[in-house]
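Following: one structure in structure tokens, then a few remarks.
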Amino acid sequence: MSKNITSLSGRDGKELDDSLWDRLQQAADQEGGSPTDATLTAISKDFLIGEAMTYGAASFYDFLNKENQGKKAYVCNGSACLVAGTQQHVHDELRKHYKEEEIGHMCCMGRCHENSSFNVGGLNYSGNAIEKVGELVKEVEAKKKVSVGNGGHHHVGTTMEQPILTALMPSLSAFYALWEKVLKSDSADVLNEIKLATIRGRGGAGFPMGFKLEACRNAEDTTGNGTPRKYIVCNADEGDPAAFSDRYLLEQRPHLVLLGMMIAGYCVGADTGVLYIRAEYPEARNIVLKAIDDLAANGWIGKDIKGSGFNWRFRVIKAAGAYICGEETALLNSIEGKRGEVRTRPPYPAQQGLFNRPTVVNNVETLACLPWVVQQGGAAFAKLGTEKSKGTKLVCLDSGFKRPGLYEVECGTPLARVIDELGQGFARPTKALHIGGPLGGIVPLHKVNALSIDFESFQQEGFLLGHASILSIPADFPMVEYLKHLFEFASVESCGKCFPCRIGSVRGKELIEGATEGRLMDRQLLDDLLETMEIGSLCALGGGLPLGVKNALAYFADELQPAFKNNP
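Right, dumping it as structure tokens:
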């Protein structure tokens, strides 16, 4: 049934030109935040699918479901803002201008370096902007040009003499001269340079990019469903609290990402690049759309580009609030207008991905590396870093550091150097670092000297580098409350497809919540729950959450002991 629906959504004339997903989004925008039942029925008839599909999809996403109806403002409830303790004040200030039912939540807006994050009038604000919210609301309601600064600026630094991703950008004509050179090259040679670079995915999994590209290159579109094609999909659904590297690249270096997608497409024989940008990054989406217009105006995309015979088009997809869509197959389902549920694998996206066609999915930072690799050569990239972690990595430091911001470092750089030299130490007493998002490890400070910014050292020490987001947990923030927050996050964001994640995350929240209310936990029961989630979950949401919890149990046993009825 799912494949049939995919075929109906992916046929010529619908696909990405008049997509099911766009229809749902348009209906929500026009009807106060959520499509009406009548509209969902009409859309299902137009796409020749059952009403359950449109109703199911609309109910799945934060910014399409009925609870979003009438919302005018949103408060960030991500982990970084939680531990910073800024969000109650934000909510209180917004309540002076909006009813309680008009205020929703977003997680996360990528403003973790300064917190106090909120969204009004479709744009994000942070830092001191909340102190001018009255003026802001008046301008938004009067549909005037907003004069209140939206914050969001942060320090950008590097340890490198010649950085890859944070270097100054040349003029467009100079930058895209590389693209014109690529178009005259053998695509197999370009792919070989990428394979030689041994780039691993920067989104968290660390999967070799060259392997994906080669698999997709060798695959064929066997759907027989209209125009044969392949896709390059940019996963810009960066949802890990304390991570804002994708936001930086999309807003400050969009052409690195776009050219990276085009190079990847040239390697595999794709003709379409799809950017799935999270709804929580509205500014990034607008900037990327403007950058694509610049490409079209200069003839660098379109039909028969520069007489090469190669065709390329971009489509920008606005997500609708679902952390799980950072998982590649859930993301593909979302683009197709379905619930963002994880697919079982195989088949892998390189063989059957978007609309059942061969697809490569990579995250923003991974794709942004490709122009440098092709320009300088794969061997030059491979000389940087460690044996198994090549190149550079963007690292984000939250507001718990004296110099929060984004830093580009060579893989293998000691974590202590990132903290002490780049971040200039902690701005508040800190007991642990949560690295790699909610599914990453919780690192006690005494373990910092054992870690460097690479996949290997984190794995060896029982942690996860992930997106390389570094969130500092204050010394006075109760670890039991932080663990409750993690389980609650997973319970809300679970796609619900597998029982270990869907039920386990709720049971974990209930266990820890009970402990804070005097109903002490049984340690064996919690251990069994974590093992079930870790082994039985379909994807890394349920399977990855136990890592941080187990780290906390191991390294903060004394603090957590009062929550158990037997010694942990």
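The sequence shown begins at 5 in my numbering and counts up by one. All residues carry an ideal CB built from backbone N, CA and C; glycine is no exception. Values in this document were obtained by computation on a predicted structure and should not be read as measured data.
Asked, Found
"What residue ranges within the stretch 283-353 form continuous beta strand (DSSP E) runs of no fewer than 3 residues, ordered along the chain?", "317-322"
"Can you check which of these residues, 191, 335 and 26, is closest to residue 222 by C-alpha distance?", "191"
"Considering only the alpha carbon of each residue, which of 116, 158 and 340 lies closest to residue 58?", "340"
"Residue 278 by DSSP, collapsed to three states: which one?", "strand"
"Who are the near neighbours of residue 5 in its chain, counting only those whose CB is closer than 7 Å to its CB and skipping five residues on each side?", "Residue confidence for residue 5 is low, a pLDDT of 45 falling below 50, so the modelled location carries little weight and cannot support an answer."
"With contact counted as at least three CB pairs below 8 Å, one residue from each stretch, are the stretch 101-116 and the stretch 127-145 in contact?", "yes"
"Per DSSP, residue 476 is paired with what?", "437"
"Can you round the beta-carbon distance between residue 31 and residue 47 to whole angstroms, since I take them to be within the 8 Å contact cut?", "7 Å"
"Per DSSP, what kind of secondary structure is residue 471 in: helix, strand or coil?", "coil"
"Can you give me the Cβ contacts of residue 217 inside the same chain, cut-off strictly under 7 Å, excluding the 5 residues immediately before and after it?", "195, 198, 268, 271, 272 and 364"
"Residue 223 lies in the beta strand (DSSP E); which residues open and close that run?", "Run containing residue 223: none; DSSP gives neither H nor E here."
"What separation, rounded to the nearest whole angstrom, lies between the Cα atoms of residue 572 and residue 522?", "With a pLDDT of 46 at residue 572, under the threshold of 50, the predicted position of this residue should be treated as unreliable, though the coordinate-derived value follows. Roughly 16 Å between the two C-alpha positions."
"Is the beta carbon of residue 343 less than 8 Å from the beta carbon of residue 61?", "yes"
"Can you tell me whether residue 349 is buried or exposed, with buried defined as 16 or more other CB within 10 angstroms of its CB?", "exposed"
"State the CB to CB distance for the pair residue 242 and residue 368, rounded to an integer number of angstroms; the pair is presumed to be in contact (CB under 8 Å).", "7 Å"
"Helix, strand or coil, according to DSSP, for residue 150 in the structure here?", "coil"
"Under 8 Å between the Cβ atoms of residue 51 and residue 24?", "yes"
"If I follow the unbroken beta strand (DSSP E) through residue 365, where does it start and stop?", "363-367"
"Out of curiosity, what's the CA-to-CA distance linking residue 90 and residue 446?", "22 Å"
"Since residue 412 is in the alpha helix (DSSP H), which residue starts that stretch and which ends it?", "Segment 409-414 is the beta strand (DSSP E) holding residue 412; no alpha helix (DSSP H) there."
"Counting only the same chain and skipping the five closest in sequence on each side, list residues whose C-beta sits under 6 Å from that of residue 429.", "406"
"Indicate whether the contact test is met: 3 or more Cβ pairs, each with one atom in the stretch 488-506 and one in the stretch 323-342, closer than 8 Å.", "yes"
"Classify residue 266: buried if its beta carbon has 16 or more other beta carbons within 10 angstroms, exposed otherwise.", "buried"
"Use the C-beta contact count for residue 175: other C-beta atoms within 10 angstroms, 16 or more gives buried, fewer gives exposed.", "exposed"
"Among residues of its own chain, excluding the 5 on either side of residue 72, which ones have a beta-carbon nearer than 6 Å to its beta-carbon?", "37 and 38"
"To test your reading of the DSSP string, which unbroken beta strand (DSSP E) runs of 3 or more residues are found completely within the stretch 36-87?", "77-80"
"How about residue 125 and residue 78: are their beta carbons less than 8 Å apart?", "no"
"Which first and last residues belong to the beta strand (DSSP E) in which residue 124 is found?", "122-124"
"Just the C-alpha distance for residue 323 and residue 250, rounded to the nearest angstrom, thanks.", "15 Å"
"Looking at the secondary structure, which residues open and close the alpha helix (DSSP H) in which residue 238 lies?", "Run containing residue 238: none in the alpha helix (DSSP H); it sits in the beta strand (DSSP E), 235-240."
"Mind checking whether residue 97 and residue 134 have CB atoms under 8 Å apart?", "yes"
"Exposed or buried, residue 56, counting other C-beta atoms within 10 Å across all chains shown (16 or more means buried)?", "exposed"
"Residue 433 and residue 87 - do their beta-carbons sit closer together than 8 Å?", "no"
"Between which two residues does the alpha helix (DSSP H) harbouring residue 245 extend?", "That residue, residue 245, is in no alpha helix (DSSP H); it is neither H nor E in DSSP."
"Based on the DSSP secondary-structure assignment, which residues constitute the bridge partners of residue 397?", "413"
"Looking at residue 281 and residue 288, is the spacing between their C-beta atoms short of 8 Å?", "yes"
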